[in-house]
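In this note's numbering, the protein residues as written are 2 to 506.
From the three backbone atoms N, C-alpha and C, an ideal C-beta is built for every residue, glycine too.
Bear in mind the structure is a predicted one, so any value in this text is a computation, not a measurement.
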Ligand SMILES: [Zn+2]
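Structure (structure tokens):
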């Protein structure tokens, strides 16, 4: 038996003016053929696939297709879309014949003129494979799940957690579903329901002791323990996507049981809808957030600058918080990150100890950003290269390129050449800084940072700064999204009516 595995992963933010290109995928690390299996066996969904497949009693041959990941950023160009599709189709043609396909997708990849990249890719692969070869795809919890994706995959298996600490396990769950499909006792039946709301990420913490997100996670996990349920998921969607089909979704796949799938999917969708207001975040202004951080007597304060969250596809060069923090004197280090390759190059040239003067910020995000003139000392130059575990995965190699630390009193500006996880303790450590000893860490992340700071922080504030991934997104202008859609619009009455797919043979 031959099982093909592959990955196409990027979360798109259509407010980010920087287009995603082939070079962005190449910078993150493309792998083809046997290299996929050789290098990804311990990492993320692909690792989950590989480890599971290796434990099947009749060991299948694991055939690597291609790994195509890029860091979250702006819409992919149409050319990039065509190239991605051709890569996957070409890899599958080379791998042919196969008995099953496992794909690690994100589900919120949008390209110019192609708002549903994963849907189109699944459709193209289905055309090639026919209906007899099962396709199981994993998706991020922030996927914008479309009818097209559901139609062309046998099952979609979603992360259950935010922060995403179950990425590897989602790969294992995907492989388990494929195993059951290949055993062939019954055809998968999927109930799918779009829910007309888009939910802020701040309170979507499934790892919290209580609350709507934690409740829904527990419900999904319990459902997947039922013998006839293959997969159950809720996608609360990446909100910064101005595309026609944007909305949350509930999705349940059963082993040949349409009524069960329909009932469970309705229950999930109705609960998400009824509890949507519980997701509304408490936000503070930039001034208030920094003032509170300064007043905090001891310990670490984390300021979440969601609007510039590089994990949400924002450009990463907002300095709204930096500007405010420079108005205060701080007893211990304050850590803030900025993406600015040109400043790194200048700092490298100047050398450690020299002063750098110029304007920082507002180049990558020229729409919402500001330029801030500063003079700072070059404290360190380093390579922002590390292996990350926790939110977003397990053993994930990150390379944000040549980087520098600029110092203004206690304020350290960690300047990287490329975007990446601008909250990760591993990034600060690579810069020679201990985030847990800081007085303030600015996390460019709406929720994922909680996995590593929630327990250690004396206080956490979500700040309402301008940017490409604003926490108050419904106050920004969208032109493509379907209306009515909550929280842009109030909707008096809504009830789940799932659509049923598959299970006819
Ligand atoms: Zn996500």
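Cβ-Cβ separation, residue j to residue i (assumed contact under 8 Å), whole Å
i           : j           : result
residue 503 : residue 237 : Their Cβ separation, rounded to whole angstroms, is 24 Å, which puts residue 503 and residue 237 out of contact at 8 Å.
residue 471 : residue 308 : 5 Å
residue 463 : residue 305 : 5 Å
residue 196 : residue 232 : Wrong, their Cβ atoms sit about 17 Å apart, outside the cutoff.
residue 100 : residue 481 : About 39 Å; that fails the 8 Å criterion.
residue 44  : residue 156 : At roughly 22 Å, the Cβ-Cβ gap does not stay under 8 Å, so residue 44 and residue 156 are not in contact.
residue 466 : residue 297 : That pair is no contact at about 19 Å.
Closer than 7 Å: residue i CB and nearest ligand 2 heavy atom
i           : result
residue 165 : Among the ligands present in this structure, namely ligand 1, ligand 2 is not found.
Beta-carbon spacing of residue i, residue j below 8 Å
i           : j           : result
residue 162 : residue 46  : no
residue 317 : residue 423 : yes
residue 383 : residue 404 : yes
residue 416 : residue 335 : no
residue 82  : residue 112 : yes
residue 63  : residue 136 : no
residue 86  : residue 125 : yes
residue 340 : residue 252 : no
residue 311 : residue 73  : yes
residue 66  : residue 37  : yes
residue 321 : residue 16  : no
residue 337 : residue 323 : yes
residue 276 : residue 213 : yes
residue 347 : residue 357 : yes
residue 182 : residue 189 : yes
residue 75  : residue 129 : no
residue 362 : residue 378 : no
residue 103 : residue 210 : no
Residue i CB to nearest heavy atom of ligand 1 below 7 Å
i           : result
residue 141 : yes
residue 203 : no
residue 12  : yes
Straight-line Cα distance separating residue j from residue i
i           : j           : result
residue 208 : residue 394 : 15 Å
residue 488 : residue 270 : 16 Å
residue 10  : residue 500 : 27 Å
residue 458 : residue 444 : 12 Å
residue 235 : residue 327 : 41 Å
residue 313 : residue 106 : 16 Å
residue 300 : residue 360 : 31 Å
residue 21  : residue 88  : 16 Å
residue 506 : residue 402 : Below a pLDDT of 50, predicted positions are generally treated as unreliable, and residue 506, at 43, falls in that range; the measurement from the model is reported next regardless. The alpha-carbon atoms of residue 506 and residue 402 are separated by roughly 52 Å.
residue 34  : residue 127 : 20 Å
residue 116 : residue 220 : 30 Å
residue 266 : residue 13  : 27 Å
residue 30  : residue 71  : 8 Å
residue 396 : residue 96  : 27 Å
residue 449 : residue 418 : 22 Å
residue 78  : residue 41  : 27 Å
residue 262 : residue 283 : 35 Å
residue 52  : residue 24  : 30 Å
residue 381 : residue 441 : 20 Å
residue 158 : residue 222 : 12 Å
residue 456 : residue 216 : 20 Å
residue 201 : residue 142 : 13 Å
residue 153 : residue 121 : 9 Å
residue 406 : residue 414 : 6 Å
residue 218 : residue 27  : 34 Å
residue 352 : residue 454 : 33 Å
residue 54  : residue 226 : 20 Å
residue 476 : residue 447 : 17 Å
residue 425 : residue 469 : 20 Å
residue 61  : residue 8   : 19 Å
residue 399 : residue 431 : 11 Å
Three-pair Cβ contact test at 8 Å for the segment 47-60 versus the segment 171-191: At 8 Å Cβ cutoff, the stretches touch.
Cβ pair count under 8 Å reaching 3, the segment 429-437 against the segment 153-167: Touching, no, given that fewer than three Cβ pairs across the two stretches are closer than 8 Å.
Counting beta carbon pairs with one atom in the segment 322-337 and one in the segment 475-495, are three or more of them shorter than 8 Å? Output reads no: the segment 322-337 does not touch the segment 475-495.
Segment contact, 8 Å Cβ cut-off, at least three pairs: the segment 361-375 with the segment 383-392: Flag = no, the segment 361-375 and the segment 383-392 do not touch.
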